[in-house]
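Encoded as structure tokens, the structure appears first; notes follow it.
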């Protein structure tokens, strides 16, 4: 079990010591990260330098080796986001520091400067949560099976959601032989976690929502789609809705947990950015059936029966993805997989979003029960399980194209449905009486799910979720539609022009790219032709001159000199824009550290007679354009 730490940096290196108030000496531990050898060693607590400037920190997240130097990543301060039954406090990382192991003679080159910027990008954007006494990487049901009730050990965590797994590699390695090091390992999840206390029908309850983002195939919207060879899919998240009900009669508590999952359609597919609002949709040339099978084999092993809710459109741009998914599921012929197609945009057209509840009827007919959730009874303080009443034996796996907006709406409707049954089972509401009649509780529920939707969306698309007006209020509004327009425009800009570094920040933090293994060549070198590199600057300069001739003309607008500058800059703007949009792929901000998989990025592309090493982005021959994309 981890705890807050004391931290000191000296010439010898970084010192960390457990900061348990009033703890006996045998419960205190200290480590030194040696500045010279950069190794981690356990030291007697008496050797902790008390004369130095001691800082209390919330957690040591881990260490990362860049090109020349090693750095510690520290959670300086945290904020409480709720408490689970048993007094387990959930914290969100509020402030962080990235500190070099060496305090002096720390060599740094331009590449390490860029890597540090990427780490800051990751840490500034990430929503990281942890508990000192409870394993957030595991659900209530998994923790119950593992015996992680009053405390937990880092070695029992679900590594899918152990976000800082890579940067704790040194600590975990040493902890295998020195158990005391385990106190310094603090697993964190990336996602969302909040628990709210309230009174419902004169009964104290707590309602919470935890979302865990997988560290496998993690990244941004257009750079991590579909499935990889290992069966991992883009934007995979596990959502857990928790309900805790205090029983006033016998001083026990009913604890409920309901799990859902979301993840990209598990076939080889991608959308290749080219500055168009709808990128080119491509499908993998090779069969993805083996990768799809790996994905679902794992899902069935972890969750039992999977109800696969597919929300992509059945015509137009999204049709090939729907067809590829259905073909894969049909070929697998796994009795544990129950496929349900719901045409979200057709069923909910003209803002009739209440019709999404029609999906509940389809799921019930397929065999999904509203009694399928985890339920246990615990003592008053939550530390002892009296009885496990029910285990969740299946899950609903929902997807749309991005697994964001439509998926958020459907998951919240499912959670609403299950919550009704949980209140009936705990006898807080009689059967047939709707819990949503309590408007305060309904608002709390809706805002939990809408905030969760925004958290998942920001991490993947760069903006808040669309359609959250329905999630927050239960109805679609024109103001919500306008906000969706603003977010869609922002997504277009970010996904084309700023998401490359964001993807690089994921790959660096998660260990998909290791700078110290790289040869002398910098990954940040722009290998595109000089004119390609300069054209945005030319456009910017021409646009500046154009606007100046309109708003700040010399003498008057129709003067000969002003008209010449106006026409010249206008021609330059038109030609620049034409070239940029005709060669849109060359101006997308692509990731630089790890290949996206759907581009020919291993060797430079050369025009006939070109003896330079100029580079041009071209689609991979392993992916083919879908028929619908060709028509468009």
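Numbering (UniProt numbering), first residue to last: 1 to 632. Idealized CB from N, CA, C, for every residue including glycine.
So who's on the other strand from residue 253, going by DSSP bridges? 246 and 378
From residue 33 to residue 14, what distance separates their C-alpha atoms? Rounded to whole angstroms, residue 33 to residue 14 spans 5 Å at the Cα level.
Please name the residue in 293, 373 and 329 whose C-alpha comes closest to that of residue 340. 329
How far does the beta strand (DSSP E) with residue 204 in it reach, from first residue to last? 203-213
Using a Cβ-Cβ cut-off of 8 Å (strictly less than) and excluding sequence neighbours within five positions of residue 24, which residues of its own chain qualify? Summary for residue 24: the model assigns pLDDT 45, below 50, so the residue's position carries little reliability, and this model does not support an answer.
Chain-order list of residues whose beta-carbon lies under 6 Å from that of residue 652 (same chain, five-residue window excluded): Nothing about residue 652 can be read from this structure; the chain reaches only from 1 to 632.
Taking three-plus beta-carbon pairs below 8 Å as touching, is the region 500-507 in contact with the region 474-492? The region 500-507 and the region 474-492 do not touch, with fewer than 3 CB-CB distances between them shorter than 8 Å.
List the residues that DSSP assigns as beta-bridge partners of residue 269. 283
Residue 585, DSSP secondary structure in three states: helix
What is the rounded straight-line gap between the Cα of residue 4 and the Cα of residue 18? 6 Å
Since I believe residue 264 is in contact with residue 235 (beta carbons under 8 Å), could you give me their beta-carbon distance rounded to a whole number of angstroms? 6 Å
When the Cα of residue 288 is compared with those of 280, 270, 564 and 300, which residue comes out closest? Cα-wise, what sits closest to residue 288 is 270.
Using DSSP with H/G/I as helix, E/B as strand and the rest coil, what is residue 478? helix
Could you tell me whether the Cβ atoms of residue 356 and residue 365 are closer together than 9 Å? no
Between the C-alpha atoms of residue 141 and residue 247, what's the straight-line distance to the nearest angstrom? 21 Å
Between which two residues does the beta strand (DSSP E) harbouring residue 77 extend? 70-84
Straight-line CA distance for residue 6 to residue 16? 6 Å
For residue 452, count neighbouring Cβ atoms within 10 angstroms of its own Cβ and tell me buried if that reaches 16, exposed if not. buried
May I ask which residues mark the beginning and end of the alpha helix (DSSP H) holding residue 126? Neither: residue 126 is in no alpha helix (DSSP H) and is coded neither H nor E.
If you pair each beta-carbon of the region 127-137 with each one of the region 200-209, do three or more pairs fall below 8 Å? Output reads no: the region 200-209 does not touch the region 127-137.
Quick test of your reading: residue 126 and residue 190, contact by CB under 8 Å. State the CB separation rounded to the nearest angstrom. 6 Å
Do you know offhand how far residue 10's Cα is from residue 2's? For residue 10 and residue 2, the distance between alpha carbons rounds to 24 Å.
Quick check on the DSSP output: the alpha helix (DSSP H) that includes residue 500 runs from which residue to which? 499-509
In whole angstroms, what separates the C-alpha of residue 577 from that of residue 70? Their backbone Cα atoms lie some 43 Å apart in a straight line.
Do residue 185 and residue 175 come within 9 Å of each other at the CB atom, strictly closer than that value? Contact flag set, yes.
Look at residue 220 and residue 462 and say whether their C-beta atoms are less than 9 Å apart. yes
Selection from 179, 218 and 118 that minimises the alpha carbon distance to residue 161: 218
Can you round the beta-carbon distance between residue 615 and residue 527 to whole angstroms, since I take them to be within the 8 Å contact cut? 4 Å
Examine the Cβ distances between the region 393-405 and the region 292-305 and report whether three or more of them are shorter than 8 Å. yes
Hey, would you say residue 42 sits closer than 9 Å to residue 29, going by beta carbons? yes
Reference residue 575, options 554, 400 and 538, closest by Cα: Cα-wise, what sits closest to residue 575 is 538.
Sufficient close CB pairs (3 or more, under 8 Å) joining the region 436-445 to the region 421-428: no
With a 10 Å radius around its C-beta and 16 neighbouring C-beta atoms as the bar for buried, classify residue 416 as buried or exposed. buried
C-alpha distance - residue 635 paired with residue 406, whole-angstrom precision: No answer is possible for residue 635: the residues shown for the chain start at 1 and end at 632.
What are the start and end residues of each continuous beta strand (DSSP E) run of 3 or more residues lying completely inside the region 357-444, in chain order? 374-378, 385-390 and 394-399
Using DSSP with H/G/I as helix, E/B as strand and the rest coil, what is residue 520? coil
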